[in-house]
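Its first residue numbered 416, the sequence shown is counted upward by one per residue in our numbering.
The C-beta atom is built at its ideal place from N, Cα and C for all residues, glycine as well.
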Amino acid sequence: MTITITDDDVATVRLEQSTYTVNESVSSFTIGVILGGDRSIAIDANVALTPDTAVVGDYLVGNGDVTFNPGETQKQITVFISNDNIVEPLEHFRATLTAGSKAIVVTPSQAQIFIQDDDVAQIRFQSTPHSVNEADRIVNLTVVLLTSQPLGRAATFSFSTQDGTAVSTNNVDYDRVAGSLAIFNAGDTDGATKQISVSIIDDSRTEATESFTVTLSAVNGGGLVPTTSSTATVNIVDNDNAIIRFSPDSYTVLESQGSVSLSVVRIGVIERPVSVFVTLQAGTATLTDFTNVSATVTFNVVDSSVKSVPISITNDIIIEETESFTASLTAVTGAVVPNDGDTATITIIDDDVLTIVMEAVPSMVDEDDGVVTVIVRAVGGLQRTISLNVFTFDLTASNGDYVSKTEVITLDSANTARNFVVTILNDNTVENTETFGVNITTDESQVRIQDETVVITILDEDKLTLSISQASYTAQENAGVTTVGVTITGTTAVIVSGSVLSTRDGSAVNPDDYLPATQNLVIVPGENSKSMIITIVNDQLTEGSENIILELTTTNNGQIDIGRSAAVVLIQDDDVATVQFLSNQYFVNETDNSVLVAVILTGSVAQSTLVRVDTAQDSALAALDYVQIVDSRLTFTSGGAVIQYINITIRDDSFIEGSENFTATLTLLSPLATLGPVSTTRITILDNDVAGIGFALREITVPENGGPVQIAVDSTANLNTPVTVSITVTGITASPSDYTVANDITLTFTATGPSRQFFSFTPINDTRIESDELVTATLSTTNPQAVILTSQIQITIEDDDKAVVRLDRSTISTDEGDGLVNIGVSLTGTLDISVTVNLAANGLTATENNDFIFNDQAVVFQPGNTQVTRQVVINNDNAVEALEFFNVVLTSTDGNVEIGDPDRTIVTINDNDDASLFFQSATYTGLEDNEEVTLTVVLATTVPLQRQIIARFTLASGTAVSPEDFPSTTTATVTFNAGVGNLATRDVVIAIEDDNIVEPAQTFQVTIVPESGANVINPGTATVTILDNDVVSIRFLQDVYRFPEDATNTNVNVVVLSSSPLQKSVTIG
């Protein structure tokens, strides 16, 4: 019989540990597998690798199978780590143990293997040194990435500046940078570049090239290290040059002065020496006229801004022209020479001259002298021949008075004087004393003419003869005028004056018989006679013929002889005299008490003329209104008054009456005169008694809403007859729609009526907003018995309406990126005038000019306008900040405005700037028995925060579930306060449940949920792997098993001791 014994013992296998952390550079490491139990047969197991964030390629396994021979309890498998050159985050993969049928797997059956990256990329400057012009204001330096593989994550480095000859203190030459961060992004490849910038200060100082350095530095964990080219020298090339120029740029020097100094002027502040080069260039002046100079002019820092360059001038004895040469400036170092200051002209004025004088002997000649001689001579030494141009020219004399002449005269050392002879012509024409000139010119530059011109005077000896044309003349008295004449004998070429034809009394006397006449005789060439008009006075006096004496005289005896010097003018009389009233109508006020009535004699009488005057009553009554005149006589005598007066007495009574009339009549009592057409005249007596009527007041103010007002008109006297006045009401600034008044207003004052009367004026109470308006009322009358005293009253209608102005909204909310906020202002009411309100903006938590811009301004509502909009500029900055507030306030000092509600608008600025949050790593591992895992949140912001950012977190199941493995929610938060800058970090702790369950590694997700003002960028969700630390105990159900050796199989019971059900398979080998 064969008996088969089937072994029912099971071995256990497990991994040596549950986690491994290896450096990428180790090339390989081993995972230990431990066998438990005493086995006499071989036991097989296998270790399988599963990728997580590390993938195949990051690791390799040679052979994951292990076999335990009898007696062996530990085996190792080798895992190869790829040492790449990629800068990448912490990566991990898993190892899982399985066993054959002869063994069971116990914990730890899985291990997490973390690969720590040891790769760094290098950075260096693309070029060094680097030169930048000061005017560029910024220098951009290029940093080059050196990496064999694309970056697996963002890599950070910093840079700083260090002073050299350029200094950053007080921002003298550039802006200091200390530890500023820069980032190469994930995916950047070898040769990728990043620009970093440093601001350069563009000053106006002239200075040497200055330098500073920029050094690259590694950031802990940044993944970048600088190479040996980690420092770059920046040379700031100064763009400022001192302006150097000649000032002035022209110089004039007399040859005899011997030298001239040129001024070279520097413009601008210098901090280093600057220089220019001065050279001279011959012009019309040659090197024999000045001493050549070539020199460098240097301005040191301590020197003044002006330098002098002396030049020697040669003082020769050569008579020569004015000469010139130039000096030029060329910039050498640190200077610029402008085009309008790079050249200076030096003019040498030669002061060696020969003087020429000219004189006439004599200078005044008679017309019959025939010639005049002019002497030309040199004053001073003369060593060579010179030519002079001498010529005559007309002044008042012309070519008919002398023979014009032009001659070239030469002077030399033997002949220093020459004569210039001019012929004088003798004619028979009366002329004035005449002159001509002799002039001298020369082209010789060495000659100075002392007297270029002499004047020759020609004295004339010819005369005219003047005679009164007739010995006697006859004129009629009523002809008005008569003409007398003078005959001219001889020829004149000039105007001749100095003779007078005049009148004097004979039997006729002036001004009674004629008006005296005097004629200044001005004789022009070609005239042979002159005339004079005498005015005859038609005096109307009966008289005989009378005569006037004519006389001809002269004071110009040099040019005039007198022939007939006297003559007589006979006046024949034709006059008759008349008498009449001076006016046919006289007016006299009753209060004048008398009136003078004029009687006029027209013409002259040879003897006395007698006239009678009588009055006759008409509507005016004698004795009551005036004193009667009967046979009053007036006498006109020869040579006496031609106007005489009759004084008539007027009675001044107290009656208010109309104008009254009476007449006066003339009767002629002498036969030598006749009565004129006005022999009767009317006298009108104007009544002086009038009533005074006027407004009681000159001005009155009435409220628009006050209703009708009564306006008083007063009479100042008692009347015997009615007096009516009219009242005209006129709008000045008011229109007819502003008031009501009766048409055609009249008031009548009587003897028995009141002395004060009224008319009604009613302002219209409208709702329009308008200025106070003016109305005038004017009194007038056509009644001569009334006089208007206060003729006008001014009525002011006082407006009581106000416009209500308010803001459209009490609150406005706007986003920072909107750019503008419209502030609406509304007006209630109807305008006839413009009104003004004021808008002002005040920062509350928002800051004016930083967060908003608004210039306080007046808002004017024109008639018809009820809505106005003004805009506030909202600044869209990059700062993450809290809600900010400002208000816009409405006020007014306009008396026509009432400020309504709301009178202010509070504007809320909603910030549109968000910072970004992300996890520092996309994966985290936590040991279950630590009961928590820490994750790091990173802030990304362009500028430091200006408000607090709070982030919360949500949790989501992966292979781990809540609440068994982790809580379903978390109250954990991270807070980034105002002032925190870019790449700041905060840690968040998430609880892990430490159970007693044997289970595999499990995962859950943590997601960032910012409360406000932040975005989430990748990775915004991190995966947390929980590594289980629980183990179970196993034992055999009994210590000793006995079974027949020949049994083919039997059961051996193994007991698992665990406080909870297993969550993963446990293999026992």
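According to DSSP, S443 shares a beta bridge with F495. With contacts defined by Cβ atoms closer than 9 Å, S644 and R539 form a contacting pair. Ranking V535, L1342, I615, A1192 by CA distance to the CA of L556 puts I615 first.
Residue state for T1196 is assigned as coil, using DSSP reduced to three classes. In the DSSP secondary-structure assignment, I611 is bridged to L556. Beta-bridge partners of K490 (DSSP): V448. Judged by DSSP in its simplified three-state form, P1151 adopts helix. Between G447 and P504, the alpha-carbon positions lie close to 26 Å from each other.
In its chain, beyond the 5 residues on either side, V823, I824, T825, T857, D858, E859 have a beta carbon closer than 8 Å to the beta carbon of S802.
One Cα belongs to S676, the other to G683, and the distance between them is close to 23 Å. Residue pairing by DSSP places L1235 opposite V1288 in a beta bridge. Non-local C-beta neighbours of A1218 in its own chain, meaning closer than 8 Å and more than five positions away in sequence, comprise I1184, L1242, T1243, G1244, L1246, V1250, F1276, N1311, V1312, E1313, ordered along the chain. Given a length threshold of 4 residues, the region 630–675 has no whole run of the alpha helix (DSSP H) inside it. Where R863 is concerned, the enclosing beta strand (DSSP E) starts and stops at 862–864.
The C-beta distance from E846 to V909 rounds to 5 Å, short enough to meet the 8 Å contact threshold. The beta carbon of P466 lies closer than 6 Å to those of F508 in the same chain, with the five residues before and after it left out. In the three-state scheme derived from DSSP, where H, G and I count as helix and E and B as strand, N1076 is classed as strand. The alpha carbon of D1344 has as its nearest neighbour, out of V1288, P1359, D1410, the alpha carbon of D1410. When C-alpha distances from A518 are compared across V1105, D718, A460, the shortest belongs to A460. The three-state reading of DSSP puts T1260 in coil, since its state is none of H, G, I, E or B. As computed with DSSP, R539 is found in a beta bridge with V559.
By the CB criterion at 9 Å, I1115 and I1210 fall inside the cutoff. If the five residues before and after D655 are omitted, its C-beta is found closer than 8 Å to the C-beta atoms of E549, D618, S619, R620, T621, E622, G683, all from its own chain and listed in chain order. Here A700 carries a coil assignment [DSSP, helix/strand/coil].
Excluding its 5 nearest sequence neighbours in each direction, T1349 has C-beta neighbours in its own chain below 6 Å: D1402, V1404, listed in chain order. The DSSP-derived three-state label of E1343 is helix. Sixteen is the threshold: when 16 or more other Cβ atoms of the shown chains lie within 10 Å of the Cβ of T1338, as they do, the residue is buried. For the pair D1068 and D1040, the CB atoms are nearer than the 9 Å cut-off.
Three or more beta-carbon pairs drawn from the region 1027–1034 and the region 1042–1050 are found closer than 8 Å, and the two stretches are therefore classed as touching.
Excluding its 5 nearest sequence neighbours in each direction, E1075 has C-beta neighbours in its own chain below 6 Å: S1034, A1035, D1040, I1100, listed in chain order. Residue burial annotation: E1426 is exposed, with fewer than 16 other C-beta atoms found within 10 angstroms of its C-beta. When the Cα atoms are used, P725 and D755 turn out to be separated by approximately 21 Å. By DSSP's assignment, D1402 forms a beta bridge with T1351. Nearest to V559 by C-alpha distance, out of T571, V853, I1365, is T571. For T889, the closest alpha carbon among the candidates Q1363, L744, F1334, T950 is that of T950. In the DSSP assignment, the residues bridged to D480 are N461.
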